[in-house]
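Here's the structure, in structure tokens; my notes come after.
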Amino acid sequence: MSDPAEEEPGQAVRLRLAEEKNVWLCTVRPDGTPHVTPVWFVYRDSTWWIGVDRASVKARNVREDPRVSLALEDGGSPVVAEGDASLVRGGFPREIVAAFQRKYGWDVSAPARPGAGRELLEVRVRRWLLAGTAQ
1 MSDPAEEEPG QAVRLRLAEE KNVWLCTVRP DGTPHVTPVW FVYRDSTWWI
51 GVDRASVKAR NVREDPRVSL ALEDGGSPVV AEGDASLVRG GFPREIVAAF
101 QRKYGWDVSA PARPGAGREL LEVRVRRWLL AGTAQ
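So for the sequence shown, the numbering used here puts the first residue at 1; every next one is plus one.
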């Protein structure tokens, strides 16, 4: 029997992941408190991709503790994922850069400000929490 965390969510959830623009990302600060922020994302092949500034709080937090949670904005039909994030610096996958361009008209690899570096958060799901039930 396969682990439900390794399975893709159903078609309705996958459609939302393709269409919705924002997800709330929760990382863990060094003192153990949560840091929550809305971010743009692309979901492909069981992985969430999020563009971040290398010096951002979320990037610093993930370097210290890779555990994250993600929640789509609609509280009436919850889609929450828990996973482990890793940072990808440079050499961004072309298909992910193209997916951000299609979804947002945005070059995820371009620095937000002069001298700032960009990274991608790559989040593999450990567990889905859908409609109030852990899977």
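Even for Gly, the Cβ is constructed at its ideal location relative to N, Cα and C.
In the structure shown, Glu82 adopts extended strand secondary structure according to DSSP, grouped into three states. Of the residues Thr47, Thr27, Glu64, Val80, the one whose Cα lies closest to the Cα of Val123 is Thr47. Between Asp45 and Ile96, the alpha-carbon positions lie close to 11 Å from each other. Between Leu72 and Leu121, the CB-CB gap reaches or exceeds 8 Å. Between Trp40 and Asp65, the alpha-carbon positions lie close to 21 Å from each other. Nearest in C-alpha terms to Ala99, of all of Thr27, Glu19, Asp31, is Glu19. CA-CA distance, Arg54 to Val108, rounds to 12 Å. Secondary structure note for Val97: its alpha helix (DSSP H) is the uninterrupted segment 94-104. According to the DSSP assignment, Val57 belongs to the alpha helix (DSSP H) that extends over 57-64. Beta bridge pairing from DSSP links Ser69 with Cys26, Glu82.
Of the residues Thr37, Ile50, Glu82, the one whose Cα lies closest to the Cα of Tyr104 is Ile50.
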